[in-house]
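Below you'll find the structure, written out as structure tokens, and then a few comments.
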Amino acid sequence: MSSGLPSLARAAWLVDPPTQRLLALLAENGEEARVIGGAVRNALIGEPVADLDVATTVQPDEVVRRATSAGFRAIPTGIEHGTVTVVVDGRAFEVTTLREDVATDGRRARVAFGRDWSVDARRRDFTMNALSVSADGRLHDPVGGYPDCIARRVRFIGDPERRIAEDYLRILRFFRFHARYGSGAPDRAGLAAVERRRDGLRYLSAERIGQEMRKLVVAPGAAATVELMSEAGVLPIVLSGIACLPRFARFSALSAGLGERPAPALALAVLGTRVAEDGERIAARLRLSNEERARVLAAGALGACLGTDLPDERTVRRLIAQDGPVAFRDGLWFAVADSPTPVDRVRLGALLRYSETWEPPSFPVSGRDLAARGIPPGPAMGRRLAALRAAWAASDFTLDRDALLALDPADGDQAAAGGTAN
């Protein structure tokens, strides 16, 4: 262990039998293996440790052979890049052979496998991510990441511009890690390099940008970080449009104050949409799934209908029955984030909790009821059922089957044409 560095010998995830068995297996015949990256970083700053990444001098094919011989499951997740997933007693480890870059193009690196821990460390992105620990708990810090980690300072390894030019996604990772782990102002050299190299983001695929942005917008420091991204000229490139920073700041403060962790799609809707066309733009730019796209569009549409005043419970019930509880909550968040005046957090929290527990009763009218009254199956029946359902919701779900069937068609049609605002 280097002078002044702590030991992680008592870390539960390190002394866990599956971890020790894997590290021992990989260390046979003079080889070496260490846990590296996120687990080490999180352990040092008191954050939860989830996934374990292991770096080793063992070649990928030999990792597979050793794991299989030991009775472990080996999955060649990215074996061409040196990564094998090894499952030990139900726990998955990402095992990657030490590497060095042969060529980079700003998107992906072509690598060669090696045995030099320092060379492998220097090709990584941030100093806090190059920390590693041996099976006995010894901490290894070849690039000065320990003080940065403890200070929660996200700092590029070596020359920031060179690190960024190797993979422009590191621009977004710089901001995401700052939003998730950073404290205080961002590293000045890193931020300056990001500003100079920001146009490189245009070479990245929508999928890679979307993956980073989904994580960034729900990080604890997202609001302050997207402000930095805007000032650095990064956000307009990422979103292909104008961001709604004040709304996103209010949204972040409200959700944090209520202990809510918003879905990435909702956070992206709040940040990047003003009109319906913005939702389509965000969905395409970040390559959102169909479900995420629908959620972004619904949040903006329902939020605009709700207005900035908190709805009463009767309106909540009607909108849940009409749009579903998830769409209602997304729309409510969108609406309150747009409010120019302070929001009653106690009442907002109560409405959110109510929306999670209330379920609409079963609609008492069926297609068979309408068929018995001479309305044939098809578009006409569909329109009539929709009109009756709207009238039922407008009555706060008090009209029974007979009362609904007795309604004049014009009454039901009028209810169906009603708006969704308070």
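Residues are numbered in this note's numbering as their position in the sequence shown, beginning at 1, plus a constant of 2. All residues carry an ideal CB built from backbone N, CA and C; glycine is no exception.
Cut-off 8 Å between Cβ atoms - residues of its own chain near residue i, not counting five sequence neighbours on either side
i, result
"K217", "R178, R182 and P266"
"A167", "T106, G108, R199 and G202"
"G2", "Nothing in the structure corresponds to residue 2, since the chain is present only between 3 and 424."
Integer Cβ distance of residue i from residue j, believed to fall under 8 Å
i, j, result
"A395", "A323", "5 Å"
"R297", "V272", "Rounded, the Cβ-Cβ distance is 12 Å, inconsistent with contact."
"L193", "A234", "7 Å"
"L406", "L387", "With 8 Å as the limit, L406 and L387 do not qualify as a contact, their Cβ atoms being about 10 Å apart."
"A11", "D138", "6 Å"
"F399", "W335", "Not confirmed; about 25 Å, so no contact."
"A228", "A255", "Just to set this straight, residue 228 is Val in the shown sequence, not Ala. In fact, because the Cβ distance is near 13 Å, the residues do not count as touching under 8 Å."
"R101", "G116", "6 Å"
"V196", "I173", "5 Å"
"R43", "L133", "6 Å"
Cβ-based burial, residue i [other Cβ within 10 Å; buried from 16]
i, result
"G421", "Only weak support is given to the placement of G421: the predicted model assigns it a pLDDT of 47, under 50, and the value that follows is read from those uncertain coordinates. G421 is exposed by the Cβ-count criterion."
"E358", "exposed"
"V56", "buried"
"A329", "buried"
"G184", "buried"
"G302", "buried"
"D410", "exposed"
"T98", "buried"
"G369", "exposed"
"P264", "buried"
"N292", "exposed"
"Y148", "buried"
"N424", "With a pLDDT of only 49 at N424, under the threshold of 50, the placement of this residue in the model should not be trusted, and no figure is reported."
"I38", "buried"
"N31", "exposed"
"G274", "buried"
Cβ shell of residue i (< 6 Å), same chain only, five flanking positions each side left out
i, result
"P2", "With the chain represented from 3 up to 424, any question about residue 2 goes unanswered, as that position is not in the structure."
"T21", "none"
Boundaries (first-last residue) of the beta strand (DSSP E) holding residue i
i, result
"G80", "R75 to G80"
"T99", "R93 to T99"
"F250", "Element bounds for F250: not the beta strand (DSSP E) but the alpha helix (DSSP H), L247 to G259."
"F336", "F336 -> not in any beta strand (DSSP E); alpha helix (DSSP H) instead, spanning P327 to A339."
"A153", "From DSSP, A153 is part of no beta strand (DSSP E); its letter is neither H nor E."
"T275", "Premise fails: T275 is in no beta strand (DSSP E) and is neither H nor E."
"D55", "L54 to T58"
"I38", "A35 to I38"
Close-in-space but distant-in-sequence residues of the same chain around residue i (CB under 7 Å, 5 per side omitted)
i, result
"S242", "R283 and R287"
"D189", "R155, V156 and R157"
"L401", "A393 and W394"
Start-to-end residues for the alpha helix (DSSP H) that takes in residue i
i, result
"A352", "R347 to T359"
"F179", "L171 to Y183"
TODO: Flag this pair as touching only if the region 142-159 and the region 68-79 have three or more C-beta atom pairs under 8 Å; answer yes or no.
DONE: no
Task: Cβ pair count under 8 Å reaching 3, the region 118-131 against the region 8-27 - done: no
Task: Given 8 Å, three or more beta-carbon pairs between the region 306-320 and the region 336-351 - done: yes
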